[in-house]
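All remarks here apply to the structure that follows.
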Amino acid sequence: MENRKKYLLRDSLSEEYRLRIETIQNMVRPLLARTTNVNPTFTEHTLEHSLSVENLYGICFNETLSILNDDEKFLLIVATLVHDIGMVGNSRFIDDAGYGEKIRSSHNQRSGDFIDEFKRDLGLDMKEANAIKRIACSHRVVPLDSLDECEAYGQGGNIRIKLLSALIRLADELDFLEERAPYLVKEFLGISNESLIHHERHEVMTGINRYNNSINIKAVAYNHELENAINEMYEEILKKHLQVKQILKDNDINIDDIKINIDVSQVIKEELLIFMAQNDSVTEAMIYEHFSNKREEIDVDAAISELQSRKYIIYEREKGVYIINRNINSFRELINLFIGSHLELEFTKSVYVNACLNEHFMIYVNENFGVLYDEGDKDDRIEVLTHFPTSLKYFMDERNTPYEFGNADRRVTLDYGLLHAFSIDVLKYPNELTEDTFYAVQSIERSLSENSLNFFKLMESMSKVKKKTIKRVL
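One rule links them: number in my numbering = place in the sequence shown (from 1) + 5.
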C-alpha cells in the first residue's frame, strides 16, 4: 500500500527536510516492525501505520499544506513516524506478568522516552526532540488543553504544539483500513475470539475521504457483531473529533462532521429471516412494523427483493403473506447461516425449524441413517434438535454420514452425534435443559444402550466379510 500513498505534507518541504525525515524513517523501520513483540494479537503499529497516518494529513486535513510552517510540518511528520514506537517491549521484561498491558497503556509515554534517549542518533537537536516528544505523547490520553496554543521555537520562530497534537490524535484514529489487520496475519496467528473482532472490523472498513467540511467513512458489516464493532470504532472516532474540533477550527481547519455509511444489507437479511422464522407467516405490514425506527424502509425492501429472488422466502399471493422456503436445501443453508452466530439459539427454537423438522425428519433419517422411528422417538429427537444448535448443525451436516451402508440401521451413529453435540451446547445454554429436553435425552440414552451392541456386532461382521472378499481377490 505504501507505494500508492501520496505524502503531500512531506512533498511540500525542502529537500533538506525530506532527507532528514527519510533518514529517521529508515532508522525506526526495524523497531516499528517489532511493535507486536509483546502483544502479538494486536493490530499493526508498524511503519506502514505511521505512513498511513501521515498520508491522512493530505487527505483529511489538506489545509495543513498552507497553514503549517516548515518547522511544524517536519515536527508533525517525525512525531507521526515514532508515535507508536513505545509499543515495542524490552526483551528483559517480555515474560513478566502484566507487561503486555503495561506496554499498551503507556506506549505513548514510552514513545516519548525513546525520543529522549535516542534524539542524537536520530539527528535531532534539543528543541526538535522536545517538541516531537510532546506531539507523539499527545496522540492519546494527554489532555490537549494542557498544551500551549503557540510557543517560541528557535530564533524568531513559533510552533503550535496543541494543533499538531490534535492533528495526530484524530489522524491516528482514522487509520482503520484493512492493512491495520492483514488477513494472513490473523489466520496464521490463530487470533483468539476476544481479539478477532478487532481484526475483522478493520477488514470491513473500505474507505475514507474528505468532502467539503465532512470526513466520510465507508464500511461493510457482514453480521450483527461486526456492525456493533464498527459502531464502537466510530464512537471512538467521534470522541476524538470532539476533543480536537475546536482546536482545528481555531486554526482554520473546519471539520464539522464525521459521517459513516455502513452497508448493513447482509445484517438486515439475517434480521428479516430470523423475524420470519419466529412466525409461521408474516404480512408486509408486520415486516415494516418490526423494522420501524430500526432500519430504512428502502433497505428492508431491498432485502425482501433479494431473498425472494434467491428463493429463501416465498410470497403467497392468495393469503398476502411471506413464508420462509421449507425445502431441505433452503433449510440446510439457513442452518449454516445462523448456527455459530449470536442468533443461533433464536433460530434453533424458531417456529420455522420446528416445522421443517416435523416435515422432513422421517424421510431424512431414513435416507441418511437407515432409520425408521416411531412418533415418540421422532418427538424426542426433535425436542433436542429444537433447543440445542450444535445438535441441529450435526444432524443436517451430510459430512457426518459419508458412508454407504444401504439399509443398515445406523441410529447409533445419529444418537451418539446428537448427544455429543448436546453435551457441548448444554454448557453454553444450561437453561435449555428443561424437564422435556431432559426426558428426551434420557430416552435417547436408553436407545443407545439397547442398540449399540447390535450395531457394533454388525460393523464387525461387515469388516470380516470385507477382509474375506479382499483375500479372494488376491
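Backbone N, C-alpha and C define an ideal beta-carbon position, used for all residues, glycine too.
None of these values were measured; they are calculated from a predicted model.
- By the neighbour-count criterion, in which a residue is buried when 16 or more other Cβ atoms sit within 10 angstroms of its Cβ, Glu349 is buried.
- In terms of CA proximity to Glu192, Leu201 leads the group Tyr378, Leu201, Glu437.
- His207 places its beta carbon 7 Å or farther from that of Asp177.
- According to the DSSP assignment, Asn135 belongs to the alpha helix (DSSP H) that extends over 131 to 142.
- Counting along the chain, the unbroken alpha helix (DSSP H) around Asn359 starts and ends at 356 to 374.
- Taking the CA atoms as reference points, Glu403 sits about 56 Å from Cys142.
- Ala308 and Ser270 have their C-alpha atoms some 7 Å from each other.
- By the CB criterion at 7 Å, Thr51 and Leu37 fall inside the cutoff.
- Straight-line spacing of the CA atoms in Leu81 and Asn284 works out to 58 Å.
- In the DSSP assignment, Val249 falls within the unbroken alpha helix (DSSP H) covering 229 to 255.
- Rounded to the nearest whole angstrom, the C-alpha separation of Ser457 and Tyr421 is 10 Å.
- A direct Cα-Cα distance of roughly 36 Å separates Glu276 from Arg174.
- Under the three-state reduction of DSSP, Tyr158 is assigned to strand.
- With contacts defined by Cβ atoms closer than 7 Å, Ile220 and Cys65 form a contacting pair.
- Bridge pairing for Ile222: Ile213, Ile265 [DSSP].
- Residue nearest to Val305 within the set Tyr317, Tyr320, Val272 is Val272 (criterion: CA-CA distance).
- CA-to-CA, the gap between Asn198 and Asn44 works out to about 15 Å.
- Taking C-beta separations shorter than 8 Å and ignoring five residues to either side along the sequence, the partners of Gln114 in its chain run Gly91, Cys142, following chain order.
- Counting the other Cβ atoms within 10 Å of the Cβ of Gly381 gives fewer than 16, which makes it exposed.
- Rounded to the nearest angstrom, the Cβ distance from Asp441 to Glu388 is 6 Å, consistent with a contact under 8 Å.
- Contact between Met367 and Ile329 is ruled out by a C-beta separation of about 21 Å, above the 8 Å threshold.
- Excluding residues up to 5 positions away in sequence, Val326, Ile328 lie with their Cβ nearer than 6 Å to the Cβ of Ser286 in the same chain.
- Per DSSP, Val326 lies in no alpha helix (DSSP H) segment; the continuous beta strand (DSSP E) that holds it begins and ends at 326 to 329.
- Contact between the region 227 to 242 and the region 82 to 89 is absent, with fewer than three C-beta pairs closer than 8 Å.
- Rounded to whole angstroms, the separation of the alpha carbons of Leu127 and Asp255 is 33 Å.
- Out of Asp118, Ser335, Ile267, Leu172, the CA that lies nearest to the CA of Leu70 is found in Leu172.
- Between the region 334 to 354 and the region 292 to 303 there are fewer than three inter-stretch CB-CB distances shorter than 8 Å, so the stretches are not counted as touching.
- For Glu321, the enclosing beta strand (DSSP E) covers residues 318 to 321.
- Counting along the chain, Glu437 sits inside no alpha helix (DSSP H), nor does DSSP assign it H or E at all.
- Ranking Gln251, Ile265, Asn266 by CA distance to the CA of Asn259 puts Gln251 first.
- For Gln313, the enclosing alpha helix (DSSP H) begins and ends at 302 to 314.
- The residues His54, Ser57, Val58, Leu61, in chain order, have a CB closer than 7 Å to that of Asp180 in the same chain once the five nearest residues on each side in sequence are set aside.
- C-alpha of Ser355 to C-alpha of His392: approximately 9 Å in a straight line.
- Scanning its chain for C-beta atoms nearer than 8 Å, with the 5 sequence neighbours on each side dropped, one finds around Ile72 the residues Asn256, Asp257, Ile258, in chain order.
- If the five residues before and after Glu68 are omitted, its C-beta is found closer than 7 Å to the C-beta atoms of Asp257, Ile258, all from its own chain and listed in chain order.
- With fewer than 16 other Cβ atoms from the protein chains shown falling within 10 Å of its own Cβ, Phe443 counts as exposed.
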